[in-house]
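> Take 32 as the starting number for the sequence shown in this note's numbering and just add one per residue. Quick one: the structure is below, and I'll ask about it shortly.
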Amino acid sequence: MSAPVTIFRARLIRTMDPARPEATHVAVRDGRVLGVGDRETLAGWGPHELDERFAGQVLLPGFVEGHSHLMEGALWRHVYCGRFDRMDPDGRVWPGVGSIDAVVARLREALATHDPARGPLIGWGFDPIYFDGRRCTRQDLDRVSPERPVLLSHASLHILNANSPALAGAGLLRAGIEHPGVPLGEDGLPAGELKGPDAMMPVASRSGLDRVMLAGDDAAIRAFGRLCVRTGVTTATDLASPLPDEAVTLLAAITGEDAYPVRLVPLLRLMGQPVPEAIARALALRGRSTDRLRLGRIKAVLDGSIQGFSARLRWPGYYNGAPNGLWYLPPETLRAAYAQALAAGLQIHTHTNGDEATELAIDLLQDALRAHPSPDHRFVLQHCQLADAAQFRRMKATGLSVNLFANHHFHWGDQHRASTVGPDRAERMNACATALREGVPFAIHSDAPVTPLAPLFTAWCAVNRLTASGATLGEHERIGVAEALRAVTLGAAHTLHLDGEIGSIECGKRADFAVLEDDPLSVAPERLKDVGVWGTVQDGRVFAAQAQAVRG
Ligand SMILES: [Zn+2]
């Protein structure tokens, strides 16, 4: 007796399978695609149930978010204070806030219903770069409350603002503090910004925010799943996690539930532990993988961020003259990790933002490959925002794939042109067209929660390259809608070594679909981000966005 067969009929199916790009019906059995075509052909598989609920919708392969963090699910329990409108896991769109006064007003409104037993009031997503460099101060947040602790996390997650009660609670509201991450005000007391994990720790650990950062809790994993359904995502990474045993046990339990809608791919972060320990841990984790929890990959972070001036840039450096950025990982540690991972058959994803970091990662991998030749190692550079054409040719020659940060053009493109890298190099950032031309397999991503999880928006960014001010940044690096859609499906699946299972709708693959209200290839390219998402089908299970709300 074989399992029941369901044939879904859709207005149109865009399969991403070059042998059959379009169809009207897809047959599903055991959570996998049995066949694609028309009903008559598929009926040859025998008795089946015809499901016509998508007769008005367009099916694409389920979107694959190749660089996101489960923290996106955790942060929504706090108050969104970002510059741009953003949808929460329950479908509510939060308007962006356009000034520090507006941030204060939003936090004050939230404070009225905030239960002090939950700890300090916390805002997130804040970025002073949009406010002409005016920084948020302790006094700004004292206007939210002079008595109760209030925190404001920056979009970068590398800086935390605190008001006077929050600083006092952590013993920081005093004169004489000498710490590079704690700028002082004219009164000699901390001005309110805490920069870097070290400076943030005393306040963050008291508030529980550090645990939120690790993101491993039940509610966060579920909220993340709801957001995925709303955005058409059926597979998503949690790109850097310490993955302690408790977190893996929890992830295995939740992703194993019939109602959990996403396949999660958490990567073990290489940070602090000796390299051999990280390799052994990743190998052990790989053995605990299930269909919806894929373990056994490593993430390394080589430098910082370009807008934070902590990325490593080659000559001529930052446009505004800022000193070069930081190595977040000693280059020799990455050298050892590459060699040992290749020997063990493990994949490493490496965060490189600046072009000096990208150059170093390619150099180190080429060295490691001489000692450990590895067919199809599929190492990936993440972000890789500033690579030039010659570096893409080196990536191709080295067998590297790349996951480009397409959303950056919109969120920080104006700032990149004005101050970080200047008008010339800003045009080549996140060079999708060059990747395509040079034959480097590529994906595009959101790095949620840094920017919103929403692959159609990410594709729109790569297609249009518009900045927040409406300027086109790098028109020659624009790509077509079809190429952008491929990047958020098969392209991202490729970076995870999962393109044999997901990323297109074809026989044998998982029955993972993004269910859209319109055909993204028929709407005007500038409307791509506005195509409605009905929901998803994941492993053959149907999830409606409308049904995704907090229960209980
Ligand atoms: Zn990230």
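Even glycine gets a Cβ: it sits at the ideal position worked out from N, Cα and C. In this text, all values refer to a predicted model and were calculated from it rather than measured experimentally.
Is the number of C-beta pairs between the region 342 to 361 and the region 312 to 327 that are closer than 8 angstroms three or more?
no
> Assuming Q378 and R409 form a contact by the criterion Cβ under 8 angstroms, report the distance between their Cβ atoms to the nearest whole angstrom.
6 angstroms
> How is P92 classed by DSSP in three states: helix, strand or coil?
strand
> Considering only residues of the same chain and omitting the five flanking positions on each side of D386, which have a CB-CB separation below 7 angstroms?
Counting only Cβ-Cβ distances below 7 angstroms, and skipping sequence neighbours, we find L344, R345, L417, A418, D419, Q422.
> Is D478 near ligand 1 - that is, is its Cβ less than 8 angstroms away from at least one heavy atom of it?
yes
> Considering only their Cβ atoms, is the gap separating A254 from A313 smaller than 9 angstroms?
no
> Whole alpha helix (DSSP H) runs in the region 257 to 313 with 4 or more residues, listed along the chain?
Whole alpha helix (DSSP H) segments, 4+ residues: 276 to 286.
> Between A105 and D119, what straight-line distance do the alpha-carbon atoms span, to the nearest angstrom?
11 angstroms
> Looking at the unbroken alpha helix (DSSP H) that takes in W491, where does it start and where does it end?
486 to 495
> Output the residue ranges of the alpha helix (DSSP H) runs that lie fully inside the region 130 to 215 and measure 4 residues or longer, sorted by chain position.
131 to 142, 169 to 173, 195 to 200
> With respect to the beta strand (DSSP E) encompassing K330, which residues constitute its N-terminal and C-terminal limits?
First-last of the beta strand (DSSP E) with K330: 328 to 332.
> Could you tell me the alpha carbon to alpha carbon distance between L203 and M231, rounded to whole angstroms?
11 angstroms
> Using a Cβ-Cβ distance under 9 angstroms, would G62 count as near chain B?
You won't find chain B in this structure, because it holds only one protein chain.
> Nearest to L188 by CA position, among Q338, W125, R179, is which residue?
Q338
> Just to confirm, are L298 and S272 a CB contact at a threshold of 9 angstroms?
yes
> Three or more C-beta pairs closer than 8 angstroms, one from the region 133 to 141 and one from the region 453 to 465: is that the case here?
no
> Helix, strand or coil, according to DSSP, for Y350 in the structure here?
In the structure shown, Y350 sits in coil (DSSP, three-state: anything other than H, G, I, E or B).
> My guess is that K560 and F488 are in contact by the Cβ rule of under 8 angstroms, so how many angstroms apart are they, rounded?
4 angstroms
> So does A271 have its beta carbon nearer than 8 angstroms to some heavy atom of ligand 1?
yes
> Please state if the CB of R108 and the CB of A283 are separated by a distance shorter than 9 angstroms.
no
> Taking the C-alpha atoms as reference points, what is the distance between A576 and T567?
8 angstroms
> Using the C-alpha atoms, what's the distance from Y349 back to S341?
The C-alpha of Y349 is placed about 10 angstroms away from the C-alpha of S341.
> Identify the residues that DSSP records as bridge partners of P221: which are they?
L215
> Is G500 helix, strand or coil when you go by DSSP?
One point to set straight first is that residue 500 is Ser, not Gly, in the sequence displayed. Correct three-state label for S500: coil.
> At 4 residues or longer, and completely inside the region 352 to 402: list those alpha helix (DSSP H) runs for me, N to C.
Complete alpha helix (DSSP H) runs here, min 4: 362 to 375, 386 to 402.
> If you reduce the DSSP assignment to three classes, tell me which class Q422 lands in.
helix
> Whole angstroms is fine: what's the gap from R572's alpha carbon to G62's?
C-alpha separation (whole angstroms): 7 angstroms.
> Inspect the beta-carbon positions of G156 and S176 and report whether they are closer than 9 angstroms.
no
> Can you say whether G583 is buried or exposed, counting buried as having 16 or more other CB atoms within 10 angstroms of its CB?
Here the model assigns G583 a pLDDT of 34, short of 50, so the residue's position is not dependable, and the following value carries that caveat. Exposed, since its Cβ has fewer than 16 Cβ neighbours within 10 Å.
> Looking only at its own chain, which residues have a Cβ that is under 6 angstroms from the Cβ of V264, when we skip the five neighbours before and after it?
F94, E96
> For G563, which residues from the same chain have a beta carbon less than 8 angstroms from its beta carbon, with the 5 sequence-adjacent residues on both sides left out?
L547, E548, D549
> Considering only heavy atoms of ligand 1, does any lie closer than 8 angstroms to the CB of Q413?
yes
> Within this structure, are the beta carbons of I475 and A523 separated by less than 9 angstroms?
yes
> Under DSSP, the alpha helix (DSSP H) around V128 begins and ends at which residues?
Per DSSP, V128 belongs to no alpha helix (DSSP H) and is neither H nor E.
> Name the one or two DSSP bridge partners that L324 has.
L295, T321
> Just list the residues that DSSP pairs A466 with in beta bridges.
DSSP, once it has assigned bridges, lists no residue as partnering A466.
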